[in-house]
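So the sequence lines, in the order shown, correspond to chains A and B. Reminder that position 74 of the first sequence reads as 157 in the working numbering, one-by-one numbering, no gaps. Reminder that position 8 of the second sequence reads as 201 in the working numbering, one-by-one numbering, no gaps. For every residue, glycine included, the Cβ atom is placed at its ideal position computed from N, Cα and C. As the structure is a computational prediction, the values presented were derived from the model and not from experiment.
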Amino acid sequence: GAVVSQHPSRVICKSGTSVKIECRSLDFQATTMFWYRQFPKQSLMLMATSNEGSKATYEQGVEKDKFLINHASLTLSTLTVTSAHPEDSSFYICSVLTSGGKPSEQYFGPGTRLTVT
Amino acid sequence: KQEVTQIPAALSVPEGENLVLNCSFTDSAIYNLQWFRQDPGKGLTSLLLIQSSQREQTSGRLNASLDKSSGRSTLYIAASQPGDSATYLCATGANSKLTFGKGITLSVRP
Numbered sequence: 084g085a086v087v088s089q090h091p092s093r094v095i096c097k098s099g100t101s102v103k104i105e106c107r108s109l110d111f112q113a114t115t116m117f118w119y120r121q122f123p124k125q126s127l128m129l130m131a132t133s134n135e136g137s138k139a140t141y142e143q144g145v146e147k148d149k150f151l152i153n154h155a156s157l158t159l160s161t162l163t164v165t166s167a168h169p170e171d172s173s174f175y176i177c178s179v180l181t182s183g184g185k186p187s188e189q190y191f192g193p194g195t196r197l198t199v200t
Numbered sequence: 194k195q196e197v198t199q200i201p202a203a204l205s206v207p208e209g210e211n212l213v214l215n216c217s218f219t220d221s222a223i224y225n226l227q228w229f230r231q232d233p234g235k236g237l238t239s240l241l242l243i244q245s246s247q248r249e250q251t252s253g254r255l256n257a258s259l260d261k262s263s264g265r266s267t268l269y270i271a272a273s274q275p276g277d278s279a280t281y282l283c284a285t286g287a288n289s290k291l292t293f294g295k296g297i298t299l300s301v302r303p
C-alpha cells in the first residue's frame, strides 16, 4: 500500500491565525487525496476531495474559503485552516486514493492534532 | 445518504477469546467495504477491503465478511491478544468516497 505522511503531527495556534497542514504521498503518485476531520469519539467526516492540478471538491457544509486546499503535485496536498477558531480544534487526517489495476483503496496519514486557543 | 452504524461502541474481552465486531449500513449500493484499525491519537491502518462482489476476506487472525443484501459486515478476530486493543472502524465505499462508522473501541485484557 501507499505510505502517507503528515506534517505537523501536532499544532497549537491562537484564535484568528492560519495553519497549514501538509499531506505527502511518499511512494505513490496520487491524483486524488482526501481530507477528513475527526472529533473525539466521532466518525471521520470527509471534508473535501483534493484533485491534482484542479480545484478541490468540498462536501456540503464545509466552507471552502475557510479550509483552503492546494494539490500542486502528485505527492503533496496542503490544507490551510484560515482564521482558525477554537471550534476548528480537531484531528485532521488525509488519505491517498490508489488504483492502477488493483481495487481502489485509501491509505491514511498519521493525522494532525490541531488545537486552537 | 449512507449511514454506517457500529454497535456496541466499546467492548472488553479476556485474552484468547474469539470475537466478532459488527457493522451495518443503510445503502447497499456500495463498491466496497473496508475495515480499519485506529490506535489512540493515530491515523488509520487498513485491515481488510472487501469488494462488493466478494463475500469475505482473510488476513492472518482476521476475517471480514460482507452481506450487501442485509447491509451488514462482520470482522472476526481469532484468539484475541492485548495488542489487538484499538478502535476498529468500518467504512463503505462508493464513488471512491468512504463513509465511516464511529468505531468500536476494543480492549483485550491480559
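Check                                                                                                                                  : Outcome
Start-to-end residues for the beta strand (DSSP E) that takes in residue 227 (chain B)                                                 : 225–231
One or two residues paired with residue 117 (chain A) in a DSSP bridge                                                                 : A:132, A:178
Supposed contact pair residue 227 (chain B) and residue 212 (chain B) - C-beta distance, whole angstroms, cut 8 Å                      : Going by Cβ atoms, the distance from residue 212 (chain B) to residue 227 (chain B) rounds to 19 Å, so no, they are not a contact pair.
Interface partners of residue 192 (chain A) on chain B, CB under 8 Å                                                                   : 236
Residue-level contact to chain A via CB, residue 261 (chain B), 7 Å cutoff                                                             : no
Neighbourhood of residue 174 (chain A) by C-beta distance below 6 Å, restricted to the same chain and skipping five residues each side : 121, 194, 196
6 Å CB neighbourhood of residue 214 (chain B) in its chain, flanking five on each side removed                                         : 268, 281, 297
Opening and closing residue of the beta strand (DSSP E) in which residue 161 (chain A) lies                                            : 159–164
Simplified DSSP state of residue 275 (chain B), which is helix, strand or coil                                                         : helix
Residue 152 (chain A) vs residue 133 (chain A) beta-carbon contact at 7 Å                                                              : yes
Proximal chain B residues relative to residue 126 (chain A), where beta-carbon distance stays under 7 Å                                : 293, 294, 295
Unbroken beta strand (DSSP E) run spanning residue 138 (chain A), endpoints                                                            : From DSSP, residue 138 (chain A) is part of no beta strand (DSSP E); its letter is neither H nor E.
Integer Cβ distance of residue 192 (chain A) from residue 106 (chain A), believed to fall under 8 Å                                    : 6 Å
Three-state secondary structure assigned by DSSP to residue 260 (chain B)                                                              : strand
Cutoff 7 Å: residue 289 (chain B) Cβ touching any chain A Cβ                                                                           : yes
Residue from A:111, A:199, A:117 whose Cα sits closest to the Cα of residue 172 (chain A)                                              : A:199
Residue-chain proximity (residue 204 (chain B), chain A), Cβ-Cβ < 7 Å                                                                  : no
Residue burial classification, residue 86 (chain A) (beta-carbon count within 10 angstroms, cutoff 16)                                 : exposed
Selected residue, minimal CA-CA separation from residue 94 (chain A), among A:169, A:178, A:189, A:181                                 : A:169
Residues from the stretch 101–120 of chain A in contact with chain B, defined by Cβ distance under 9 Å                                 : 115, 117, 119
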